[in-house]
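Undergrad:
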Amino acid sequence: MRASRTEQVANYVVLVVISLVVLWPAATFVLAALSSDRAGRPGGVHWDNFVTAWQQADFSRAMTVSITIAVAASIGQVLLAVLGGYGFGVLGVAGQKVLFPVVLLGLMISLEAIIVPLYYQFRS
Amino acid sequence: MPGPGNDVVRGASLVDRTTPAHRVRARSLRARARWTGLAFAAPPLALYGFVVLWPLLQSVQYSFFDWDGVSQATWVGLKNYTGFLTDPVLRSSLGHVLVLIVFFSLLPIALGLLSAAMLTRARQPGMGLFRWIFFLPQVLTSVVVALMFKRIYSSEGSLNTLLDAIGLGGLTRAWLADFTWALPALGLIGTWVTFGFCMVLFISGTSAIPDELYEAARVDGAGAVREFFAVTLPGLRGQIGVALTLTITAALRTFDLVWVTTRGGPGTSTMTPAVLLYRAAFQNPDVGRAAAIGVVMAVVCLLIALAITRITEKD
């Protein structure tokens, strides 16, 4: 439907104000990234900051590590999920009345509940 | 309990009784399929048991001990849990979570409802752009968001510049170093990030509300506000439930934002249970306490999820 003229204007005013609040932090960050100043005060357009950052932070290596983890995790997840999904969904699993709720429980449990033993087990 | 063993026994006993032979065959085939299914599901289940279930049980076990991660652990019973009542820092962190719930959950849902209502009610040009802008914070990494706001809130950051420019120079301060203002300042970061997510959820929910309801409301002479409270809000009940569950548990679990910006400071004024867990687990190990915090957080998250589902799914 078409809203009245006043309503349209009011909508735009509110939406623009919210947009400015949303965009402002991101904009200051982008300006800081392009700034010539070490403190990141806005000014100038210095794309070479990105080159410096890439080299100093050894970004290529970090990205390689990330990609390795992502690829390995995805492949593992898909393989295991296909096996489990076919078992539970098509064949049915002996004891599924107990096993399936247990799997669901694991989906709902937060990481905080298992992170401590995980760390101390994998450390040793 | 209808375990696998029972099924086999039932299948065997059926052979001797009156059931037609082909049904028996079907039964035993299905039973065999279920054992094959178990074989299929075994690798994921084994990994799951190793990475989730076993550590979960160990967490509970750890939580009854006093252990520094190196030397001999000693049994202390429920002492790690009573810390929630006796330890002032842990207790205050629960209070902080309540404040964060306002900023991470209630405010974003209110803003999300407002923007969703505005974006869906009238077909004005440019609405797609606004939707895109509002969702933008969701796609940024939390560490990046935290760093952005750390700059903005700093004593020479753009928030103070803005306050100076509009003649409110008296209010300027280093926001995240202020005992009173650090927590609300952190909370507003959460509001900034989360409301776009709530908005998207509510927009998709609104599209499922039948148009007749809106037409009926308009025929009855309802204005935009009345229409919102009479049609949109009740129609979004399920979505609001989902948003509440996700955002409240997120507030309870706040870690990265606090860790990057304030590390719980100044003093302990922005300490959250997750930060305390991290400290007790990895910084100066009091592993039992960390495990107890983790167990309590998990249980509270589960209870919140159950309670909200119960309330919002009732007719």
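Those protein sequences? They're chains D and L, same order as listed.
Sequence positions in the first sequence follow this note's numbering and run 442 to 565.
Sequence positions in the second sequence follow this note's numbering and run 168 to 482.
Backbone N, C-alpha and C fix where the C-beta goes; we use that ideal spot for every residue, glycine too.
Quick one: measure Cβ to Cβ for residue 456 of chain L and residue 250 of chain L, integer angstroms, because I've assumed they're closer than 8 Å.
TA: Sequence index remark: in the second sequence, residue 456 of chain L carries index 289 (1-based). Sequence index remark: in the second sequence, residue 250 of chain L carries index 83 (1-based). Right, the Cβ-Cβ distance comes to about 6 Å (below 8 Å), so this counts as a contact.
Undergrad: Exposed or buried, what is residue 299 of chain L when buried is set at 16 or more other beta-carbons lying within 10 Å of its beta-carbon?
TA: Here residue 299 of chain L corresponds to residue number 132 of the second sequence, with the count starting at 1. Residue 299 of chain L is exposed by the Cβ-count criterion.
Undergrad: With distances taken between CB atoms, is the gap from residue 428 of chain L to residue 343 of chain L smaller than 8 Å?
TA: Position 261 of the second sequence, counting from 1, holds the residue named residue 428 of chain L. Position 176 of the second sequence, counting from 1, holds the residue named residue 343 of chain L. Yes, the Cβ-Cβ distance between residue 428 of chain L and residue 343 of chain L is below 8 Å.
Undergrad: Could you tell me if residue 353 of chain L is buried or exposed, where buried requires 16 or more neighbouring beta carbons within 10 angstroms of its beta carbon?
TA: The residue you call residue 353 of chain L lines up with position 186 of the second sequence. By the neighbour-count rule (16 or more Cβ atoms within 10 Å), residue 353 of chain L is buried.
Undergrad: Name the chain D residues whose beta carbon is nearer than 8 Å to that of residue 359 of chain L?
TA: As a position in the second sequence, residue 359 of chain L is number 192, starting the count at 1. Result: 462, 463 and 466.
Undergrad: Are the beta-carbon atoms of residue 556 of chain D and residue 337 of chain L separated by less than 8 Å?
TA: Taking the first sequence and counting its residues from 1, the one referred to as residue 556 of chain D is at position 115. Taking the second sequence and counting its residues from 1, the one referred to as residue 337 of chain L is at position 170. Not a contact, by the Cβ cut-off of 8 Å.
Undergrad: Across which residues does DSSP place residue 233 of chain L in a beta bridge pair?
TA: Walking along the second sequence from the start, residue 233 of chain L turns up at place 66. Residue 233 of chain L is bridged to L:241.
Undergrad: How about residue 402 of chain L: is its C-beta nearer than 8 Å to some C-beta of chain D?
TA: Indexing the second sequence from 1 puts residue 402 of chain L at position 235. Not an interface residue.
Undergrad: State the DSSP-derived secondary structure class of residue 500 of chain D, mapped to helix, strand or coil.
TA: Mapped onto the first sequence, residue 500 of chain D falls at position 59. The answer is helix: DSSP assigns residue 500 of chain D an H, G or I state.
Undergrad: Assuming residue 528 of chain D and residue 207 of chain L form a contact by the criterion Cβ under 8 Å, report the distance between their Cβ atoms to the nearest whole angstrom.
TA: The residue you call residue 528 of chain D lines up with position 87 of the first sequence. The residue you call residue 207 of chain L lines up with position 40 of the second sequence. The Cβ separation is near 4 Å, so the contact holds.
Undergrad: Within the stretch 408 to 478 of chain L, note down every full alpha helix (DSSP H) run reaching 4 residues or more, in order along the chain.
TA: If we require 4 residues or more, the alpha helix (DSSP H) runs fully inside the stretch 408 to 478 of chain L come out as 423 to 428 and 440 to 445.
Undergrad: What residue range does the alpha helix (DSSP H) around residue 202 of chain L cover?
TA: Locating residue 202 of chain L in the second sequence gives position 35, counting from the first residue. Element bounds for residue 202 of chain L: 188 to 215.
Undergrad: DSSP three-state call for residue 108 of chain L: helix, strand or coil?
TA: No answer is possible for residue 108 of chain L: it lies beyond the span of chain L, which begins at 168 and ends at 482.
Undergrad: For a contact meaning CB atoms closer than 7 Å, what does residue 461 of chain L contact in chain D?
TA: The residue given as residue 461 of chain L occupies position 294 in the second sequence. 553, 554, 556 and 557, listed in chain order.
Undergrad: Which whole-angstrom value is the C-beta distance of residue 364 of chain L and residue 406 of chain L, which I expect to be below 8 Å?
TA: As a working note, residue 364 of chain L is residue 197 in the second sequence. As a working note, residue 406 of chain L is residue 239 in the second sequence. Rounded, the Cβ-Cβ distance is 11 Å, inconsistent with contact.
Undergrad: Which whole runs of the alpha helix (DSSP H) in the stretch 347 to 378 of chain L are 4 residues long or more, in chain order?
TA: Entirely contained in the stretch 347 to 378 of chain L, the alpha helix (DSSP H) runs reaching 4 residues are, in chain order, 349 to 373.
Undergrad: Any C-beta of chain D sitting closer than 8 Å to the C-beta of residue 414 of chain L?
TA: Against the second sequence, residue 414 of chain L aligns to sequence position 247. Residue 414 of chain L does not count as touching chain D.
Undergrad: Run down chain L in chain order and give the residues with a C-beta less than 8 Å from the C-beta of residue 449 of chain D.
TA: By 1-based counting over the first sequence, the position of residue 449 of chain D is 8. Residues of chain L passing the Cβ test: 289 and 291.
Undergrad: With distance defined between alpha-carbon atoms, name the residue in D:449, D:446, D:456 and D:552 nearest to residue 283 of chain L.
TA: As a position in the second sequence, residue 283 of chain L is number 116, starting the count at 1. Of the listed residues, the one whose Cα sits closest to residue 283 of chain L is D:456.
Undergrad: Would you please verify whether the beta carbon of residue 544 of chain D is less than 8 Å from any beta carbon of chain L?
TA: Indexing the first sequence from 1 puts residue 544 of chain D at position 103. It does: the Cβ of residue 544 of chain D has a partner Cβ on chain L nearer than 8 Å.
Undergrad: For residue 173 of chain L, which residues of its own chain have a beta-carbon under 7 Å away from its beta-carbon, when the five flanking residues on both sides are left out?
TA: Stepping through the second sequence from its first residue, residue 173 of chain L is reached at position 6. Here the model assigns residue 173 of chain L a pLDDT of 43, short of 50, so the residue's position is not dependable and the matter cannot be decided.
Undergrad: Roughly how many angstroms lie between the CA atoms of residue 439 of chain L and residue 371 of chain L, to the nearest whole one?
TA: Here residue 439 of chain L refers to the residue found at position 272 of the second sequence. Here residue 371 of chain L refers to the residue found at position 204 of the second sequence. Distance between the alpha carbons of residue 439 of chain L and residue 371 of chain L: 33 Å.
Undergrad: So the alpha helix (DSSP H) residue 470 of chain D belongs to, where does it begin and stop?
TA: Counting from 1 along the first sequence, the entry for residue 470 of chain D is found at position 29. Start and end: 446 to 475.
Undergrad: At least one CB of chain D closer than 8 Å to the CB of residue 203 of chain L: is that the case?
TA: The residue given as residue 203 of chain L occupies position 36 in the second sequence. So, interface residue.
Undergrad: For residue 341 of chain L, which option in L:322, L:332, L:391 and L:401 has the closest C-alpha, if you only look at C-alpha atoms?
TA: Residue 341 of chain L sits at position 174 when you count from the first residue of the second sequence. Cα-wise, what sits closest to residue 341 of chain L is L:322.
Undergrad: Look at the alpha carbon of residue 171 of chain L and the alpha carbon of residue 473 of chain L, and state the distance between them as a whole number of angstroms.
TA: Counted from its first residue, the second sequence places residue 171 of chain L at position 4. Counted from its first residue, the second sequence places residue 473 of chain L at position 306. Since pLDDT at residue 171 of chain L reaches only 44, below the 50 mark, its modelled position is unreliable, and the value read off the structure follows with that caveat. One C-alpha to the other measures close to 30 Å.
Undergrad: For residue 278 of chain L, which of L:293, L:262 and L:302 has the nearest alpha-carbon?
TA: Taking the second sequence and counting its residues from 1, one reaches residue 278 of chain L at position 111. Ranking the options by Cα distance to residue 278 of chain L, first place goes to L:302.
Undergrad: What first and last residue would you give for the alpha helix (DSSP H) that runs through residue 253 of chain L?
TA: Taking the second sequence and counting its residues from 1, the one referred to as residue 253 of chain L is at position 86. Counting along the chain, the alpha helix (DSSP H) containing residue 253 of chain L begins and ends at 246 to 253.
Undergrad: Roughly how many angstroms lie between the CA atoms of residue 465 of chain D and residue 314 of chain L, to the nearest whole one?
TA: For this step, residue 465 of chain D is matched to residue 24 along the first sequence. For this step, residue 314 of chain L is matched to residue 147 along the second sequence. Their Cα atoms are separated by approximately 14 Å.
Undergrad: Classify residue 478 of chain L as buried or exposed, calling it buried when 16 or more other Cβ atoms lie within 10 Å of its own Cβ.
TA: The sequence position of residue 478 of chain L within the second sequence is 311, counting from 1. It is exposed - the Cβ of residue 478 of chain L has fewer than 16 other Cβ atoms within 10 Å.
Undergrad: To the nearest angstrom, report how far apart residue 514 of chain D and residue 327 of chain L are at their CA atoms.
TA: Numbered from its first residue, the first sequence carries residue 514 of chain D at position 73. Numbered from its first residue, the second sequence carries residue 327 of chain L at position 160. Approximately 44 Å, taken between the alpha carbons.
Undergrad: Where does residue 291 of chain L sit, in a helix, a strand or coil, going by DSSP?
TA: Taking the second sequence and counting its residues from 1, one reaches residue 291 of chain L at position 124. Reduced to three states, the DSSP call for residue 291 of chain L is coil.
Undergrad: Using a Cβ-Cβ cut-off of 8 Å, state whether residue 575 of chain D counts as contacting chain L.
TA: Any question about residue 575 of chain D goes unanswered here, given that chain D covers just 442 to 565.
Undergrad: Can you pull the chain L residues whose beta carbon is under 8 Å from the beta carbon of residue 549 of chain D, in chain order?
TA: In the first sequence, counting from the first residue as 1, residue 549 of chain D sits at position 108. Within 8 Å Cβ-Cβ: 468, 469 and 472.
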